[in-house]
Amino acid sequence: MVRTIISTLAASALLALSLFAAAQPAQAAAPGGELRNKDTGLCVDRREHPERPVAAFTTRCDGSATQRWVYSAADQTIRTPDGRCLATGSSSGIFVTACDSGLLVRWGQTSDGRIHQLDWGIGCIEDFRTETLTWGGCSNSRNEVWSSLVTV
Numbered sequence: 753m754v755r756t757i758i759s760t761l762a763a764s765a766l767l768a769l770s771l772f773a774a775a776q777p778a779q780a781a782a783p784g785g786e787l788r789n790k791d792t793g794l795c796v797d798r799r800e801h802p803e804r805p806v807a808a809f810t811t812r813c814d815g816s817a818t819q820r821w822v823y824s825a826a827d828q829t830i831r832t833p834d835g836r837c838l839a840t841g842s843s844s845g846i847f848v849t850a851c852d853s854g855l856l857v858r859w860g861q862t863s864d865g866r867i868h869q870l871d872w873g874i875g876c877i878e879d880f881r882t883e884t885l886t887w888g889g890c891s892n893s894r895n896e897v898w899s900s901l902v903t904v
């Protein structure tokens, strides 16, 4: 009799847990996709500091949320899923910052995979395997060629 009661309680508990798990919303994957350099095979990544600009860099592609990017055709920006932009200033560094930060945030990708800085009208994003992502004069180098961006 005691075994029957314990078995019934255990079965009820398992049923309740499975129903609870089924009722939970599925975790959606972060929108966007990786931005992979076709020469180095590395992905553009960022650190999580929404309150200030942080340097973008390349690292081994691992599918993490910090490696997800989308291209906004409406305003020609490369954005994180949480709405921050890939940007540059007057130097060759590339940062992740608020889209209204005053930095140069407009980019365009050509059919051959190069990503041009549109505010200046010159320059391509390059992966020199350094600590930070940079941009410089487009020289048709293989380190300037990137995977296609997901466009929204």
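With positions in the sequence shown counted from 1, the corresponding number in the working numbering is that position plus 752. For every residue, glycine included, the Cβ atom is placed at its ideal position computed from N, Cα and C.
With fewer than 16 other Cβ atoms inside 10 Å of its own Cβ, residue 904 counts as exposed. Under the DSSP definition of a beta bridge, residue 861 partners with 867. Sequence-distant Cβ neighbours of residue 883 in its own chain, meaning closer than 7 Å and more than five residues away, are 809. DSSP, read as helix, strand or coil, puts residue 884 in coil. In terms of Cα proximity to residue 871, the closest of 783, 862, 857, 784 is 857. By a beta-carbon distance limit of 8 Å, residue 899 contacts residue 786. Their separation comes to about 7 Å. Residue range 837-840 is occupied by the beta strand (DSSP E) that includes residue 838. Look at residue 807 here: in three-state DSSP terms it is strand. Judged by DSSP in its simplified three-state form, residue 896 adopts helix. Under the three-state reduction of DSSP, residue 849 is assigned to strand. DSSP, reduced to helix, strand and coil, places residue 818 within a helical segment of the structure shown.
As far as DSSP is concerned, residue 798 takes part in no beta bridge.
In terms of Cβ geometry, residue 797 and residue 895 do not form a close pair [threshold 8 Å]. In this structure, residue 862 lies away from residue 855, with their beta-carbon atoms at least 8 Å apart.
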